[in-house]
Structures are given as structure tokens and as C-alpha cells.
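Numbering (full-length UniProt numbering), first residue to last: 1 to 523.
Cβ atoms here follow ideal geometry from the backbone N, Cα and C, with glycine treated the same way.
As the structure is a computational prediction, the values presented were derived from the model and not from experiment.
Here's the structure, in C-alpha cells; my notes come after.
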């Protein structure tokens, strides 16, 4: 791969070399992972007196002037390949990523640098391998973040870092944003998890619980929105980040061929969907992808002849492969691509002397590609205001976006704790601080801030007698949709009993009612 220039705003099209595939097997990958963890632990245990004295001399104090936002800044997208690295070795991935960040900071003078999704290793989600779930790292004991924090502080750059996160018994696909002083600004967890041939991410990742967030650098002052790969196909994610004031949208990505149908070429579709996000929100977009073929090998031949020679222990059977097409790019605020890494196809490359090109290029130029562009947040903000896309929004009409199938059926607004709760009729219509809910979500308000409310926004409009109980139906004062209360136990439609306790009207209601009496009233 090549390192492309960032001097002009035109598209960068330096050709990439056709590289050999990268092969790996899960067991060897885990051995390399544990070795890398042990190496980091040994480094952490070493005395840090010399390091502390160096940081004291190099670190500049956070003065008010250093925290003021800059008028413009340079953003860089890094495209990496696993080709050329030792098989099933993670240390090579780290060395290549570190070298790429240093090049982007020193040669391209970037203040914000984006690496691809899950860059510290091959894309392991090609197949369901239980042992690879051990690659997940906790946020507080994470050698990837600790190394990147030091790198960000050394080169004074902001780094959104993609990694496999473990939180107790849950696994996430996460990005932690590191500021230019090495501090952590926050974490976003991937919201949309794909599941298909070669992209079996639902086996590894739980849908994120952070919502779509933005992060403001305390050093440079710009605000970035970060979403991960499959998130980039959903316009709601881009709009939610733009509503919160993002100056640029960042998408670390791992996308390539479709193993079930190699004839599918999604490059154009992939780029255009993000170009649309940029144009619709008047916000630049940066997408960083992998490049090259990655082959997952299987050790299944070990089960056939365990008494044979040691060669049988080596993985020789190909289980799955994906060719990542790269094509990382940067757009302006109108969606036009201003920088792009373009690779040549095999037919074109065969017409050239590939061996001569490899001899002329340095190692990092074959495997690392960097594009960079300058962003002016103030100019983009002025263009955004003048265009009126946010001024003319009608959030009160977008309630249908909260449905799965676009139906106009009954809707409910759950409390912030994500659990439906039972109470008396007066409790359901009473303003109380401990019962505040987000209804509707942030995307339904003009400025992107959540609208706080209580169940008091449910206005009773009709009562229908049902023996000793009656059903209550109303309209939500905010989203104007007809609403029915739900039982907190079984979440069926709720009715009020003679004791004014909200339970469902089905057979399960009796059990729910008895539970309520026992839990709330102690009877």
C-alpha cells in the first residue's frame, strides 16, 4: 500500500500493490495475544522514574489558550493491511499501527487520526470461534489503550481507538477516544451488529448501550462523532451525532467481499451512503478501512491422524476468506470525496513490473496508506446554518422512526431505567423526579438534547368499563400517538383494578397483581 499526499483537495489515487494474503488460525492468534499481554505487564512493572522526568519536561501545562478551539485542523485516515506480517502474530499489527500514527502526525501534521476497525489483529469475526472471545480487553486493564495514550501524548494527536471490549460478562465492539494529552474523553460502543457469511459479529458483540455520542477535544476544541462500520449505513446515527454538534463524523471500518456471492461489489454503495450523511448534515466524513485478503485456517486435520508427524499440527485447511477492498476516503461538508485511497485491480497490475515497484518502495509504503485533509469547522458551521437543514426540521413529525415497521399502532414511552413500572393511577400521572423518562429520544428534538418528562404526559381520553376494572387509553402529549399503559411484569396492556393498581387484563394479570401486592404493599 502507498502513502498518499495531502497537499490539495483533489482525490488521491496513488496505486496500491497487489499483496499476498494473510493467513491465521484462532489458536495461534490467542497465543500471540497472551504473549503481548504478558509483555505489556512486564513493561508496566518496570521503574518509571526516567519516564516521569521526561514527561515533566515535555508536557505543556493546560493553559486557557491551549484549550481554545482552533479555526482549522488536519484529519488523517490510515488504511492498513495484514499482508507481510508473521502468521497469527499480533505484535506486528501493533508495530504497523504505531508506525502509521507516527507518519500521519509527523509527515501529514494531523491533529486527528483514524485507524481501521479492530486494527490490532486480523478480522476474527469471519467464523464463530469461541476461543477468540478471549481477545476482549477490559477498559481499565487494556494494553492497547495504554500504548495509544502514550502515543497520543507524544505526538499531540487525538486518536479514536477501536478494540474488542469486555465489561463483566458482556462483550462489545468499542471505540475509546483519546485526547492529545493522553486523557480519555469517553467510549462509544457499536450499536448495529451485523450477522452474515464472513461477518458473524453477533457471536462476538452485544449491541452497544452508549447511544450515539460526540467527544470534544480539550486541547484543540473540535468535536467529533464516532460510529463503527455497520453503523455507517444508518442515517439516524449520523443525524444524532450532527445534532449534538459534531464537526466531523468518523467511521472505522472493516468491509470487503461477500463470501456468499463474490460477484457483489459494494464499494460504490458503501462510499455513497456516507457521502449522503455528509451532504444531509453538512458535516465532513472520514472512513478508514482495511485492505487485502485475510484467510482463516482450521486445525481440523488434527482430529484425523493424531499419531502422525508434527506437520499435522499445522493448520492447512482454509475455513473462510475475505478480501477487504480498502478505498478509505475523506469528504467535505457537501459529501464530495476530497481524498481517497484507490487500489489498482489485478489485471492492471499484471501489466507493470511489480517486482521493480516493490524494490522502489519502502516497507511502510507498501503496507500503510495515509490520506489527510484540512477541515474548517467555522466555515462548515456557517454553511450549515445558511443551508437551513436543521432550522427547517420537524421533529414532531418523525415519531414513526421510533417504530420497527412504520406502523401507526399503539406506542409507549419507557422510563429511563428501561423497565416498565407499576403504580397507582395517581402515580402514573404524577410529576415526580424519580420517574423522569426520556420521551421521545434525542433525535426528536431540534437541538439534539433529550426531552425530559414523566408519565404525566399521558393524557387519559377514554375509559371503558370492564366489570370492576376499566382500561385507560390516552394520547402522548409529545409524540401524539395513542398510548396504553403496560404491566411491569408481563408487559401486556394494563388496566386499573378496584385497588387502582395497574395490571394486565389477561390471565397473567392475577399473578402480576399478587406480585405487586407482595412487593409494594407487603401483603
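State the start and end residues of the unbroken beta strand (DSSP E) segment that holds residue 227. Residue 227 sits at position 227 when you count from the first residue of the chain shown. Where residue 227 is concerned, there is no enclosing beta strand (DSSP E), given that its DSSP letter is neither H nor E.
Just checking, does the segment 139–154 make contact with the segment 174–185 on the three C-beta pairs under 8 Å criterion? yes
According to DSSP, which residues form a beta bridge with residue 167? Translated into positions along the chain shown, residue 167 becomes position 167. Bridge partners of residue 167: 170.
Excluding the 5 residues flanking residue 259 on each side, which residues of the same chain have their C-beta closer than 6 Å to its C-beta? One-based indexing of the chain shown puts residue 259 at position 259. Hits under 6 Å: 197 and 198.
In this structure, does DSSP put residue 544 in helix, strand or coil? The displayed coordinates of the chain run from 1 to 523. Any statement about residue 544 would go beyond what the structure contains.
Could you give the first and the last residue of the continuous beta strand (DSSP E) run that contains residue 214? Reading the chain shown from its first residue, position 214 is the one you call residue 214. Per DSSP, residue 214 belongs to the beta strand (DSSP E) from 214–216.
Inter-residue CB distance, residue 200 and residue 131 (contact presumed, cutoff 8 Å): Here residue 200 corresponds to residue number 200 of the chain shown, with the count starting at 1. Here residue 131 corresponds to residue number 131 of the chain shown, with the count starting at 1. 15 Å between Cβ atoms; not a contact.
Curious, which full-length alpha helix (DSSP H) runs of at least 4 residues does the segment 71–125 contain? 91–106
Is there contact between the segment 81–91 and the segment 387–407, where contact requires at least three CB pairs shorter than 8 Å? no
Beta-carbon gap between residue 118 and residue 101 smaller than 9 Å: Here the question's residue 118 lines up with position 118 in the chain shown. Here the question's residue 101 lines up with position 101 in the chain shown. For residue 118 and residue 101, no; Cβs fall outside 9 Å.
Residue 297, DSSP secondary structure in three states: Here residue 297 refers to the residue found at position 297 when the chain shown is read from its first residue. Residue state, collapsed to three classes: strand.
Helix, strand or coil for residue 367? Go by DSSP, reduced to three states. Reading the chain shown from its first residue, position 367 is the one you call residue 367. Helix at residue 367.
Taking the straight line between their C-alpha atoms, what separation do you get for residue 380 and residue 245? Locating residue 380 in the chain shown gives position 380, where the first residue counts as 1. Locating residue 245 in the chain shown gives position 245, where the first residue counts as 1. Distance between the alpha carbons of residue 380 and residue 245: 11 Å.
Name, in chain order, the residues that DSSP records as bridge partners for residue 160. As a first step, residue 160 must be located in the chain shown, where it is residue number 160. Answer is 177.
Give the DSSP-derived three-state secondary structure of residue 189 in the structure shown. Translated into positions along the chain shown, residue 189 becomes position 189. Correct three-state label for residue 189: strand.
Could you give the distance in angstroms between the alpha-carbon of residue 280 and the alpha-carbon of residue 99? Numbered from 1 along the chain shown, position 280 holds the residue referred to as residue 280. Numbered from 1 along the chain shown, position 99 holds the residue referred to as residue 99. Straight-line Cα distance between these residues: approximately 35 Å.
In terms of alpha-carbon separation, which member of 160, 404 and 137 lies closest to residue 167? Taking the chain shown and counting its residues from 1, the one referred to as residue 167 is at position 167. The shortest Cα separation from residue 167 among 160, 404 and 137 belongs to 137.
Quick check: residue 337 and residue 372, are their CB atoms within less than 9 Å of each other? Within the chain shown, numbered from 1, the residue matching residue 337 stands at position 337. Within the chain shown, numbered from 1, the residue matching residue 372 stands at position 372. Cβ distance not < 9 Å, so residue 337 and residue 372 don't count as in contact.
Across which residues does DSSP place residue 339 in a beta bridge pair? The residue labelled residue 339 in the question sits at position 339 within the chain shown. Bridge partners of residue 339: 330.
Measuring only the C-alpha atoms, how far is residue 77 from residue 367? Sequence index remark: in the chain shown, residue 77 carries index 77 (1-based). Sequence index remark: in the chain shown, residue 367 carries index 367 (1-based). Those two C-alpha atoms are separated by around 14 Å.
Please state the DSSP three-state secondary structure of residue 319. Sequence index remark: in the chain shown, residue 319 carries index 319 (1-based). DSSP places residue 319 in strand when its eight states are reduced to three.
Alpha carbon to alpha carbon, how far is residue 263 from residue 184? Translated into positions along the chain shown, residue 263 becomes position 263. Translated into positions along the chain shown, residue 184 becomes position 184. The alpha-carbon atoms of residue 263 and residue 184 are separated by roughly 42 Å.
What are the start and end residues of the beta strand (DSSP E) that includes residue 377? Counted from its first residue, the chain shown places residue 377 at position 377. Unbroken run through residue 377 is the alpha helix (DSSP H), 377–387; no beta strand (DSSP E).
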